[in-house]
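A.B. asks: Let me begin by handing over the structure; questions about it come next.
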């Protein structure tokens, strides 16, 4: 199993790079695990505070869960990937 991590700030071209990589690999051998799926639940915050969330800051991501999911995938186990909503911040 080959794990490729693509990092960069908002609007830096990560999605473009990922699409190029996916095109070069067999479809059935690629699993996409976007970091956006692992943003912390901030639905408890008032709307004013939600508007100030810096999604580029490392503290905004649940890295523990992301790492756990990568380990499980490496072992051939399935995961339930979170779905993050920018509308509800959850």
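Residue numbers (my numbering): 2 to 91. All C-beta atoms in this analysis are idealised placements derived from N, C-alpha and C, irrespective of residue type, glycine included.
Here's the rule I'm using: 16 or more other beta-carbon atoms within 10 Å means buried, otherwise exposed. How should residue 87 be labelled?
C.D. replies: It counts as exposed.
A.B. asks: What is the rounded straight-line gap between the Cα of residue 9 and the Cα of residue 16?
C.D. replies: Each residue's Cα considered, the two are about 10 Å apart.
A.B. asks: Would you say residue 8 lies against chain D (beta-carbon separation less than 8 Å)?
C.D. replies: Absence of chain D from the displayed structure is noted, only one protein chain being present.
A.B. asks: Looking at the unbroken alpha helix (DSSP H) that takes in residue 2, where does it start and where does it end?
C.D. replies: From DSSP, residue 2 is part of no alpha helix (DSSP H); its letter is neither H nor E.
A.B. asks: Excluding the five sequence neighbours on either side, which residues of its own chain have a C-beta within less than 6 Å of the C-beta of residue 90, listed in chain order?
C.D. replies: Contacts found: 43, 44 and 51.
A.B. asks: If you run the structure through DSSP and keep just helix, strand and coil, what is residue 62?
C.D. replies: Three-state result, residue 62: strand.
A.B. asks: By how many angstroms is the C-alpha of residue 40 removed from the C-alpha of residue 63?
C.D. replies: Spanning the two alpha carbons is a distance of roughly 6 Å.
A.B. asks: What does a CB cutoff of less than 8 Å around residue 34 pick up in its chain, not counting 5 residues either side in sequence?
C.D. replies: Same-chain partners within the cutoff: 67, 70, 71, 74 and 82.
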